[in-house]
Amino acid sequence: TTDMSVKLRYYFFGVNTAKAYSDHVVINKLPRRFFSSVFLPFRLIFDRNDLYLGFSGIIPPFIRFFKIKCITFIHDFGFYGHPTYYHDPKKMQWQTEYAIYGSEKIIVFSEYIRQQLLNRFPRVSSEKVVCIYPGVDHITTNKDIRKINGSYFLYVGVIKPGKKIEELLDIFLQYLKQSKLKKERLY
């Protein structure tokens, strides 16, 4: 059963593109400056939240002291292996460490990232880290999807130096040169 008195709170800064699709969702726009260091923790405490979902791999300071449970989502550790690709890798490293040790659960999206986390942070219990693969079930039921006939290359992800997009494009060009089918397109 679902408690209909429960309110889900979404906090953000910047352009308001969020829409409440339910009466149980409260959308809160906070100032951009000092968002995660002042305004977000203050609102989490003031609104008496029981749980914080850290989708960006960090948790705001001080909320641990107010017994707000945290679940953190860790996407990768690129800022350790390739610090020059990031604006402030040291800050990202201590924020990640703070989040990992301050969370009740940590969600990762591959077994590879899970093993990296457990190796990098050996004090973290393996039971605390859960691997949940990103789902795409909704794609198979969507009737509006355009069919792509023939061979294709698909990249889904962030375009940044650590992702080696240039190498992917080189491989695609090599494929085109060797392929008998010259109608492939880059999407």
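Residue numbering for the sequence shown follows our numbering, starting at 1 and increasing by one per position.
Glycine included, every Cβ here is placed at the ideal spot set by N, Cα and C.
From H24 to V158, what does the alpha carbon distance come to, in whole angstroms?
32 Å
Please report the straight-line C-alpha distance between V15 and R33, rounded to a whole angstrom.
14 Å
Does DSSP classify T1 as helix, strand or coil?
Bear in mind that the predicted position of T1 carries a pLDDT of just 42, short of 50, making it too unreliable to give a figure here.
Can you give me the start and stop residues for the alpha helix (DSSP H) that L176 sits inside?
165-178
Measure the alpha-carbon distance for K177 versus L169 and round it to whole angstroms.
K177 and L169 have their alpha carbons spaced roughly 12 Å apart.
Can you pull the DSSP bridge partners for R120?
None, per the DSSP bridge assignment.
Which runs of the beta strand (DSSP E), 3 residues or longer, sit entirely within the stretch 60-102?
69-74
Mapping the DSSP letters down to three states, classify Y11 as helix, strand or coil.
strand
From P83, G81, G54, L44, residue whose alpha carbon lies closest to that of F65:
The option with the nearest alpha carbon to F65 is L44.
In angstroms, rounded to a whole number, what distance separates the CA positions of F121 and Q115?
10 Å
Counting Cβ pairs, one atom from each stretch, are 3 or more of them under 8 Å apart for the stretch 101-113 and the stretch 79-93?
no
Per-residue DSSP class, three states only, for S110:
coil
Which of the three DSSP states is assigned to L53 in this structure?
Secondary structure of L53 (DSSP, three-state): strand.
Measuring alpha carbon to alpha carbon, tell me which residue in V130, L8, V26 is nearest F73.
V130
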